[in-house]
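J.: Once you've had a glance at the structure underneath, I'll fire off some questions.
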Amino acid sequence: MVHRKLIVIGIVCVAFAVGYYLAAAGGFGSDTAQADPSKASPVKALAEREVYYPGTEDLAPDEMRVTACGTGMPNARPKQAAACWLVELGNGDKFLFDIGTGSAERIAAMKIPYNYLNKVFIGHLHSDHFGDLDALYCGGIVANRVVPLRVWGPNSIEPKYGTKVAMEHFEGMLAWDIDTRMGNTDTRGAFLKVTEFDYKAVNKIIYEENGVTIRTIPAVHIFDGAVSFILEWNGLKFCYSSDTFPNKWWIEHTKGADISIHEAFITPESLVEKQGFTPEAALNVGTQIHTSPAQFGKVMAETKPRMAVGYHFFNDFDTAPQVLRDVRRTYDGPLALAVDYMVFNVTKEKIRVRMAAVDEDIWPQPSTIPLVPPDPSLQRTEMSKDMLSGRVVHKDILKEIYAEINEQYGSNAKVPE
Ligand SMILES: [Zn+2]
Ligand SMILES: [Zn+2]
Numbered sequence: 094m095v096h097r098k099l100i101v102i103g104i105v106c107v108a109f110a111v112g113y114y115l116a117a118a119g120g121f122g123s124d125t126a127q128a129d130p131s132k133a134s135p136v137k138a139l140a141e142r143e144v145y146y147p148g149t150e151d152l153a154p155d156e157m158r159v160t161a162c163g164t165g166m167p168n169a170r171p172k173q174a175a176a177c178w179l180v181e182l183g184n185g186d187k188f189l190f191d192i193g194t195g196s197a198e199r200i201a202a203m204k205i206p207y208n209y210l211n212k213v214f215i216g217h218l219h220s221d222h223f224g225d226l227d228a229l230y231c232g233g234i235v236a237n238r239v240v241p242l243r244v245w246g247p248n249s250i251e252p253k254y255g256t257k258v259a260m261e262h263f264e265g266m267l268a269w270d271i272d273t274r275m276g277n278t279d280t281r282g283a284f285l286k287v288t289e290f291d292y293k294a295v296n297k298i299i300y301e302e303n304g305v306t307i308r309t310i311p312a313v314h315i316f317d318g319a320v321s322f323i324l325e326w327n328g329l330k331f332c333y334s335s336d337t338f339p340n341k342w343w344i345e346h347t348k349g350a351d352i353s354i355h356e357a358f359i360t361p362e363s364l365v366e367k368q369g370f371t372p373e374a375a376l377n378v379g380t381q382i383h384t385s386p387a388q389f390g391k392v393m394a395e396t397k398p399r400m401a402v403g404y405h406f407f408n409d410f411d412t413a414p415q416v417l418r419d420v421r422r423t424y425d426g427p428l429a430l431a432v433d434y435m436v437f438n439v440t441k442e443k444i445r446v447r448m449a450a451v452d453e454d455i456w457p458q459p460s461t462i463p464l465v466p467p468d469p470s471l472q473r474t475e476m477s478k479d480m481l482s483g484r485v486v487h488k489d490i491l492k493e494i495y496a497e498i499n500e501q502y503g504s505n506a507k508v509p510e
C-alpha cells in the first residue's frame with residue numbers, strides 16, 4: 094500500500110516536471126497547451142535556441158564572439174583540431190589566434206567570407222599552433238580571399254627559430270602551389286604580410302587598428318620564442334595563452350579579463366593510461382612543459398576572469414571529469430572546458446556559452462570584393478612540351494561542353510586550340 098502511494102506520487106511528480114519543462118522550453122507551450130494532442134501538433138518555432146548556427150546571428154555593436162576552432166592536442170583526431178580561436182567583434186573585425194592542424198575546416202564552417210579571415214596571430218611555431226596556415230593561405234585564395242594574408246608571430250634567440258624565417262620557408266614550400274595559380278585565377282590574395290615581433294616584449298602593442306589593441310607577453314614553453322596575446326576592444330578584454338607554463342606575465346597582465354583562454358593540459362594519468370607515457374615523462378610533459386589542470390585553476394584563481402576557459406586536452410567522457418576534478422582543487426569561479434565549436438558571446442552584461450551546429454555541406458562564401466579575371470601576364474609557370482604532348486584532347490566533347498555553358502550563361506568562350 095505504501096509502495097503504491099509512492100509510485101502514484103512519483104508519477105505525478107514526473108508528469109508535473111515534464112509539463113513544466115515543455116512550458117519552460119516554450120515549444121509545446123502556451124498557445125497549444127489547450128489543444129487536443131491527438132489532433133494538433135505545434136507549428137510555432139521555439140522562443141529560444143540554445144545553439145549557434147553560423148552566419149545566422151547579428152553581432153551587436155558592443156559584442157564579442159569567440160569560437161573554438163581547435164581545442165585539442167598535437168595528435169590529430171576528428172573530434173578536436175589543434176589550437177585555433179576565432180574572435181569576431183561588433184565593429185566587424187575578425188582575428189584568428191593560432192591555426193593548428195585540422196582547424197581550417199572549423200574556420201570554414203563559420204561561413205565567413207575569406208576576405209575577413211586575413212589576420213592570424215601565432216603564439217609559437219609548434220605545428221599544433223600553425224599547422225593549417227597553408228590551408229588558410231592557399232585554400233583561402235581558391236575560396237575567394239582577394240586580400241593578402243597577414244601573419245603576426247614572435248622572433249626567437251636566433252633568426253632561424255623566428256616567424257619571419259619560418260614564413261620564408263613556408264612560402265618556398267608553397268612555390269608550386271602559388272606559382273601554378275598565378276595567371277589562372279584571381280590571385281590578389283596570394284601574398285603574405287608577416288610581422289615578427291620581440292618575444293620578450295612585455296605587454297607591448299603589436300596591433301592597433303579600428304579601436305582594437307593587441308598586446309603580447311612572453312610565454313614560458315620549452316624554448317624562447319613563445320608568446321601569449323591580449324586583445325582589448327570596447328572595454329572588453331580577451332586573453333589567449335597559446336602554450337605556456339604558469340608565468341608572472343600572464344598573472345600580472347590578464348587580471349580581470351572578460352574571457353581568459355589558457356591551456357589546461359591533459360592529466361598526467363591520461364598520458365600514462367592513454368598514450369603509454371612513463372610516469373616520469375607524463376609528469377614532465379603534463380606539469381612542466383604544459384600547465385596541468387590544477388595549475389590552470391591556480392592561475393585562474395589569481396587572475397579572476399569573468400570566464401575561464403581551459404583547452405588543449407582531449408575532452409572526452411572519461412578525461413573531462415579528471416580535468417574538472419583537478420581544476421576544482423584550486424579554482425571555483427566561472428569555467429568552460431573547451432571543445433571544438435564552443436561559442437562564447439561576450440558583452441559587459443553577460444557571457445553566453447553555447448555550441449555551434451555546423452553544416453558539413455558548406456561552400457565558401459562569395460568574395461566581398463568583386464573578383465577580377467585572371468591576368469595572363471602574371472603567369473609564372475608553363476607546362477613543358479613533353480607534358481603537353483601527353484594531352485588527349487576530346488575536341489568534340491569539349492565543343493559540346495563549351496556550347497552548353499555558353500548557351501546557359503550567355504557567354505562566348507571558345508575552345509582553346
Ligand atoms: Zn607548443
Ligand atoms: Zn600546443
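Residue numbers for the sequence shown follow our numbering, so the first one is 94 and each next one is one higher.
No residue lacks a Cβ here, since even glycine has one placed at the ideal position from N, Cα and C.
Since the model is a prediction, treat every value here as computed from it, not as a measurement.
Closer than 5 Å from C-beta to any heavy atom of ligand 2: which residues, in chain order?
T.: D221, D336
J.: Please state whether DSSP places D414 in a helix, a strand or coil.
T.: Mapped onto the sequence shown, residue 414 falls at position 321. Note that residue 414 corresponds to Pro in the displayed sequence, not to Asp. Helix.
J.: Which of the three DSSP states, helix, strand or coil, is assigned to L285?
T.: Within the sequence shown, residue 285 is the residue found at index 192, counting from 1. In the structure shown, L285 sits in a strand (DSSP, three-state: E or B).
J.: In chain order, which continuous runs of the beta strand (DSSP E) of length 3 or greater are located wholly inside the stretch 367-427?
T.: 401-404
J.: Can you check which of these residues, I352, A161, S385, is closest to E362 by C-alpha distance?
T.: One-based indexing of the sequence shown puts residue 362 at position 269. It is S385.
J.: Look at K272 and V239 and say whether their C-beta atoms are less than 7 Å apart.
T.: The residue labelled residue 272 in the question sits at position 179 within the sequence shown. The residue labelled residue 239 in the question sits at position 146 within the sequence shown. One point to set straight first is that residue 272 is Asp, not Lys, in the sequence displayed. Not a contact, by the Cβ cut-off of 7 Å.
J.: Going by DSSP in three states, L90 sits in which element: helix, strand or coil?
T.: Residue 90 lies beyond the range of the chain shown here (94 to 510); nothing can be said about it.
J.: Taking only heavy atoms of ligand 1 into account, decide whether any of them is closer than 6 Å to the Cβ of H219.
T.: Counting from 1 along the sequence shown, the entry for residue 219 is found at position 126. Yes.
J.: Within its chain, find whatever has a CB closer than 8 Å to the CB of Y114; leave out the 5 residues flanking it on each side and keep chain order.
T.: Here the question's residue 114 lines up with position 21 in the sequence shown. Residue confidence for Y114 is low, a pLDDT of 44 falling below 50, so the modelled location carries little weight; the figure read from the coordinates is stated next. There are no such residues.
J.: Please work out which residues of its chain come closer than 6 Å, Cβ to Cβ, to P206, disregarding the five sequence neighbours upstream and downstream, and give them in chain order.
T.: One-based indexing of the sequence shown puts residue 206 at position 113. Answer for P206: Q458, T461, listed in chain order.
J.: Could you check if R97 is buried or exposed, using at least 16 other CB atoms within 10 Å of its CB as the buried criterion?
T.: Working through the sequence shown from its first residue, we reach residue 97 at position 4. Residue confidence for R97 is low, a pLDDT of 49 falling below 50, so the modelled location carries little weight; the figure read from the coordinates is stated next. Exposed.
J.: DSSP state of F190, grouped into three classes?
T.: By 1-based counting over the sequence shown, the position of residue 190 is 97. The three-state reading of DSSP puts F190 in strand, counting E and B together.
J.: Could you tell me which of I359, E325, A294, A268 sits nearest to G349, measuring between CA atoms?
T.: As a working note, residue 349 is residue 256 in the sequence shown. Ranking the options by Cα distance to G349, first place goes to E325.
J.: Any contact of the stretch 388-405 with the stretch 360-379, i.e. 3+ C-beta pairs under 8 Å?
T.: no
J.: If we count Cβ pairs, one from each stretch, closer than 8 Å, do we get three or more for the stretch 161-177 versus the stretch 214-228?
T.: Counting Cβ pairs under 8 Å, three or more are found: they touch.
J.: For the beta strand (DSSP E) holding F331, just list the boundary residues, first then last.
T.: If you number the sequence shown from 1, residue 331 lands on position 238. From DSSP, the beta strand (DSSP E) with F331 extends over 329-333.
J.: For N327 versus D155, is the C-beta distance shorter than 7 Å?
T.: Here residue 327 corresponds to residue number 234 of the sequence shown, with the count starting at 1. Here residue 155 corresponds to residue number 62 of the sequence shown, with the count starting at 1. Yes. Within cutoff.
J.: How do the stretch 435-452 and the stretch 468-480 stand: do at least 3 beta-carbon pairs fall below 8 Å, yes or no?
T.: no
J.: Does the stretch 240-247 come within contact of the stretch 285-293, defined as at least 3 CB pairs closer than 8 Å?
T.: Taking 8 Å as the limit for Cβ pairs, the verdict is that the stretch 285-293 does touch the stretch 240-247.
J.: Does the beta-carbon of K348, which I'm using as the reference point, lie nearer than 6 Å to any heavy atom of ligand 4?
T.: Inclusion of ligand 4 in the displayed structure is not the case, the ligand content consisting of ligand 1 and ligand 2 alone.
J.: Need the endpoints of the alpha helix (DSSP H) that W342 sits in, please.
T.: Walking along the sequence shown from the start, residue 342 turns up at place 249. Where W342 is concerned, the enclosing alpha helix (DSSP H) stretches over 341-346.
J.: Is it right to say E453 is buried, meaning 16 or more other beta carbons lie within 10 angstroms of its own, or is it exposed?
T.: As a position in the sequence shown, residue 453 is number 360, starting the count at 1. Burial call: exposed.
J.: Return the residue from the list I352, A133, A357 that minimises the CA-CA distance to T412.
T.: As a first step, residue 412 is located in the sequence shown; it is residue number 319 there, counting from the start. Out of I352, A133, A357, A357 has the C-alpha closest to the C-alpha of T412.
J.: Unbroken beta strand (DSSP E) runs of length 3 or more, entirely within the stretch 241-277: which are they?
T.: 242-247
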